[in-house]
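Asker:
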Amino acid sequence: MVLPEWRAAIAVPVATEVLLTATGLPYGELSGAELTVLARLEALHDRELAVADWQLAGQSRGTGLS
């Protein structure tokens, strides 16, 4: 997700189990992992982001899980 210049960061709550399943990482490696996600950049609130397809940075799109 590349954020617009005016929005440097967005915090999105996501269950650890979702990230473990999507990335295939063991629990101990998740905290140091760099992840990417698809999101609606026109969203005004975090609940409108509709984040999906979490995966390790550098992985090709379409191989992760929602």
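Here my numbering is used: the sequence shown runs in plain steps of one and ends on residue 67. C-beta: ideal position from N, C-alpha, C; glycine also.
Please name the residue in 31, 52, 26 whose C-alpha comes closest to that of residue 42.
Answerer: Here residue 42 refers to the residue found at position 41 when the sequence shown is read from its first residue. Cα-wise, what sits closest to residue 42 is 52.
Asker: What would DSSP say about residue 66, mapped onto helix, strand or coil?
Answerer: Your numbering for residue 66 matches position 65 in the sequence shown. Bear in mind that the predicted position of residue 66 carries a pLDDT of just 49, short of 50, making it unreliable; the figure below should be weighed with that in mind. The answer is strand: DSSP assigns residue 66 an E or B state.
Asker: Which class does residue 52 belong to by DSSP, given the choice of helix, strand or coil?
Answerer: The sequence position of residue 52 within the sequence shown is 51, counting from 1. Residue 52: coil per DSSP, three-state reduction.
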